[in-house]
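Read in order, the letters of the sequence shown correspond to residues 2 to 259 in our numbering.
Glycine residues also receive a C-beta, built at the ideal position from the N, C-alpha and C atoms.
This structure is a prediction, so every number in the text was calculated from the model and none was measured.
Just below is one structure, and these are the notes that go with it.
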Amino acid sequence: MSVIEAIKLKKSFDRQEVLQDISIRIEQGEVVAVIGSSGSGKSTLLRCLIDLEKADGGSIYMDGVPLVEDGVYRGKKQAREITEKMGMVFQQFNLFPNMNVLDNLMLAPRLVKKESKDELRDRAGRLLAKVGLSHKEDAYPSLLSGGEQQRVAIARALMMEPELLLFDEPTSSLDPELTGEVLQVIRQLARERMTMIVVTHEMGFAKEAASRVIFMDQGRIEEEGTPEDIFTKPQKERTKLFLNSILKQGETEARTDE
């Protein structure tokens, strides 16, 4: 059984179709990179999967249990049970500025799962070690770099022990020198077989860490396949044009840095 499956998912904003009959299936242990131009519907797809946006049509199943089926949403209790199995890391880190790192990590599971402080503190310590921030337990977000804040956000998502992690452009707001430390954490999760969907503009990461790549264009899945399929022998003309534009952009940035 797949971890999550979407069938013919539709979403519009002000009559503009943002998702058009999107169907995907994510198996346990898969790392799926979602690429495409700005406005192609990538972030909206993630937000619908985790119920931050309501789909206008289609179905979403988590472990075979429907969140929405043929456009009809199930009750709040079932939706909460489903979304608690997912974690999401956003472009902006969304840490609580008035809480230190440890309290940021412990808040959600303490409120939702009613776990003890001792148990949560132990898990938080292990996860901060995993992301290389054991020494930052007492620090407040304002004293952390962007890369450190994003690593805290990843640890916070992992505190709920999710079956599936969703990443929405996790490095887009970071300086290039901080991007690597965040991608290193995500690569480690991939090696540990964490099931993930990663919306990203980092083509090198998608080539190296993803087991499957999905290219979206104008609200549709234009092409999908292994990284080798997509990056070395794309079949669709739109995919080729997108990858060529990314390559040219990289060449221009390289010349500018020289």
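Tell me the residue span of the beta strand (DSSP E) that contains residue i.
{"i": "M161", "result": "Unbroken run through M161: none, as it is neither H nor E."}
{"i": "E70", "result": "66–70"}
{"i": "V4", "result": "Element bounds for V4: n/a, residue is neither H nor E."}
{"i": "Y62", "result": "58–63"}
{"i": "A34", "result": "32–36"}
{"i": "R16", "result": "First-last for R16: undefined, no H or E at that position."}
In angstroms with no decimal places, state the Cα-to-Cα distance between residue i and residue j.
{"i": "I61", "j": "L144", "result": "39 Å"}
{"i": "R188", "j": "I198", "result": "12 Å"}
{"i": "Q17", "j": "L134", "result": "43 Å"}
{"i": "K208", "j": "F232", "result": "7 Å"}
{"i": "G59", "j": "I25", "result": "12 Å"}
{"i": "L165", "j": "M87", "result": "5 Å"}
{"i": "R122", "j": "G37", "result": "39 Å"}
{"i": "I8", "j": "Q219", "result": "17 Å"}
{"i": "N105", "j": "D169", "result": "20 Å"}
{"i": "K114", "j": "V33", "result": "28 Å"}
Leaving out five residues on either side along the sequence, give the residues of the same chain with a beta carbon under 8 Å from the beta carbon of residue i.
{"i": "Q185", "result": "none"}
Tell me whether residue i sits in a helix, a strand or coil according to DSSP, three-state version.
{"i": "Q92", "result": "coil"}
{"i": "R127", "result": "helix"}
{"i": "K11", "result": "strand"}
{"i": "A230", "result": "Note on residue identity: the sequence assigns Asp, not Ala, to residue 230. Three-state DSSP puts D230 in a helix."}
{"i": "A211", "result": "coil"}
{"i": "G133", "result": "coil"}
{"i": "R221", "result": "strand"}
{"i": "F216", "result": "strand"}
{"i": "T196", "result": "strand"}
{"i": "L145", "result": "coil"}
{"i": "Q21", "result": "strand"}
{"i": "D139", "result": "coil"}
{"i": "L167", "result": "strand"}
Please list the terminal residues of the continuous alpha helix (DSSP H) segment that includes residue i.
{"i": "S104", "result": "Before going on, a small fix: residue 104 reads as Asp here, not Ser. From DSSP, the alpha helix (DSSP H) with D104 extends over 102–113."}
{"i": "L179", "result": "177–192"}
{"i": "T84", "result": "77–84"}
{"i": "R48", "result": "43–50"}
Between which residues of its own chain and residue i is the CB-CB distance below 7 Å, once the five residues before and five after are set aside?
{"i": "I155", "result": "V90, V132, V186"}
{"i": "Q29", "result": "V4, T196"}
{"i": "T253", "result": "Since pLDDT at T253 reaches only 48, below the 50 mark, its modelled position is unreliable, and no value is offered."}
For residue i, I'd like the list of residues in its chain whose CB is within less than 6 Å of its CB, leaving aside the five on either flank, ordered along the chain.
{"i": "E182", "result": "G148"}
Could you tell me whether any non-hydrogen atom of the ligand HEM is closer than 7 Å to the CB of residue i?
{"i": "D64", "result": "In the structure on display, the ligand HEM does not appear, and there are no ligands present to speak of."}
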